[in-house]
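>
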Amino acid sequence: MTTSRVLPGNRILRYTLSERVVHWISGVSYIYLLLNGLGLWSPSLWWMIVILGGGPLARLMHPWVGLIFVGSVLWMYKMWKDDMRITETDREWSKTLGKYVRNEEEELTPVEARRGWERWAPVDRFNLGQKYLFWVMFWSGIVLLLTGLVLWFTEYIPRSLSFLRFIAVLLHPIAFLATLGGFIIHVYMGTAVVRGGFSSVIRGEVSENWARHYHRLWLDRITGNAPTKK
Ligand code: HEM
17 MTTSRVLPGN RILRYTLSER VVHWISGVSY IYLLLNGLGL WSPSLWWMIV ILGGGPLARL
77 MHPWVGLIFV GSVLWMYKMW KDDMRITETD REWSKTLGKY VRNEEEELTP VEARRGWERW
137 APVDRFNLGQ KYLFWVMFWS GIVLLLTGLV LWFTEYIPRS LSFLRFIAVL LHPIAFLATL
197 GGFIIHVYMG TAVVRGGFSS VIRGEVSENW ARHYHRLWLD RITGNAPTKK
């Protein structure tokens, strides 16, 4: 990793322009597929299809936008596969997760609380929850792609392989539900819980303090400091 992520004025480049563009291609295409797919899935959600321009257009667009979504996730894989690898440090960090969820860090004395982040296992560029989200999106994306192709070109499937259609009809919505769970948690964490996270994926930058608080190992690496002790 080079030091080019360190910007003037104690700012850190969290996401490059291409990382942000790929992220938002993914976000916009996912929301379109979410509305479009739910509308095609259940008659009670048909109104979503009406908003998106009607049935024929929605049916035509769904597989193409699906390709864009999966393409963006594969692009993320190319950019972030090393950062998304689950390590021993992540397992260490996950042990403190219960305290975080139970708000137990708030029971520290003021002095301890100020230095509270130092008591946690340090986090690299992404924490374990962020990595899980990525892998859920990645593997579900692969399943959605394969089952989606079967449903798209169903008339080309020979009778002897017709069981593939049943598998696809079953697995396509299951994989979608997995992404939906991850997506809801992701948007909630990124917008309501972690202050500064949303602007990082818009403007690309975070403060050095933000990086130290949430991703100390990563900050140490990009600033050239030796990794701090756990
Ligand atoms: C459209 C609504 C979305 C919002 C508001 C949103 C928000 C965010 C935010 C705030 C971050 C930066 C988090 C940080 O660095 O602390 C982020 C990163 C990321 N986003 Fe999204 N995102 C959205 C959609 C998606 C979708 C559909 C995917 C599917 C692949 C996705 C995958 C990721 C990944 C892998 C990261 C990097 C690691 C992480 O923070 O989880 N995002 N997003």
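For any residue, its number in our numbering is found by taking its place in the sequence shown, counting from 1, and adding 16.
Beta carbons are placed, not taken as given, at the ideal position from N, Cα and C, and that holds for glycine.
Since the structure is predicted, the reported quantities are computational estimates derived from the model, not experimental observations.
#1: Let me confirm a value: K147 is counted as buried when at least 16 other C-beta atoms fall within 10 Å, else exposed. Which label applies?
#2: Using a Cβ-Cβ cutoff of less than 7 Å, which residues in the same chain neighbour F192 once the five nearest sequence positions on both sides are dropped?
#3: May I have a chain-ordered list of the beta strand (DSSP E) segments no shorter than 3 residues that lie completely inside the region 23-82?
#4: To the nearest angstrom, how far is it from the Cα of G25 to the Cα of S223?
#5: Taking 8 Å as the cut-off, is the CB of T207 close to at least one heavy atom of ligand 2?
#6: If you measure between the beta carbons of T103 and P138, is that distance less than 9 Å?
#7: Kindly confirm or deny that the region 169-182 and the region 29-46 touch, where touching means at least three C-beta pairs closer than 8 Å.
#8: Span of the beta strand (DSSP E) holding V222?
#9: Between the C-alpha atoms of L113 and T32, what's the straight-line distance to the nearest angstrom?
#10: Just how far apart, CA to CA, sit F154 and Y230?
#11: Cα-Cα, which of S110, I84, L167 and I28 is closest to P189?
#12: Taking 8 Å as the cut-off, is the CB of H202 close to at least one heavy atom of ligand 1?
#13: Take the Cβ of F169 as the centre, count every other Cβ of all protein chains shown within 10 Å, and call the residue buried at 16 or more, exposed below.
#14: Rounded to a whole number of angstroms, what is the C-alpha to C-alpha distance between R130 and A227?
#15: Rank G55, L61 and L162 by C-alpha distance to the C-alpha of V4 and give the top, closest one.
#16: Since A194 contacts V152 with CB under 8 Å, what's their CB separation in whole angstroms?
Taking the geometry as given:
#1: Within the sequence shown, the letter at position 131 stands for residue 147. Answer is buried; the Cβ neighbour count reaches 16.
#2: What you label residue 192 is simply residue 176 of the sequence shown in a count that begins at 1. Correct list, in chain order: G53 and L160.
#3: 27-29
#4: Indexing the sequence shown from 1 puts residue 25 at position 9. Indexing the sequence shown from 1 puts residue 223 at position 207. Roughly 9 Å separates the two Cα atoms.
#5: With respect to small molecules bound, the structure shown includes ligand 1 and not ligand 2.
#6: Residue 103 sits at position 87 when you count from the first residue of the sequence shown. Residue 138 sits at position 122 when you count from the first residue of the sequence shown. Result no, Cβ atoms of T103 and P138 do not sit closer than 9 Å.
#7: no
#8: In the sequence shown, residue 222 corresponds to position 206, counting from 1. It spans E221 to S223 - the beta strand (DSSP E) in which V222 sits, taken as one unbroken run.
#9: For the purposes of this step, residue 113 is taken as the residue at position 97 of the sequence shown. For the purposes of this step, residue 32 is taken as the residue at position 16 of the sequence shown. Roughly 29 Å separates the two Cα atoms.
#10: Translated into the one-based positions of the sequence shown, residue 154 becomes position 138. Translated into the one-based positions of the sequence shown, residue 230 becomes position 214. Rounded to the nearest angstrom, the two C-alpha atoms are 24 Å apart.
#11: Locating residue 189 in the sequence shown gives position 173, where the first residue counts as 1. If we check each option's Cα against that of P189, L167 comes out closest.
#12: In the sequence shown, counting from the first residue as 1, residue 202 sits at position 186. The answer is yes for H202.
#13: Locating residue 169 in the sequence shown gives position 153, where the first residue counts as 1. F169 comes out exposed.
#14: Position 114 of the sequence shown, counting from 1, holds the residue named residue 130. Position 211 of the sequence shown, counting from 1, holds the residue named residue 227. Here the model assigns R130 a pLDDT of 49, short of 50, so the residue's position is not dependable, and the following value carries that caveat. The straight-line gap from Cα to Cα measures roughly 16 Å.
#15: For the chain, the structure presents residues 17 to 246; residue 4 sits outside this window and is missing.
#16: As a working note, residue 194 is residue 178 in the sequence shown. As a working note, residue 152 is residue 136 in the sequence shown. Confirmed, Cβ separation roughly 6 Å.
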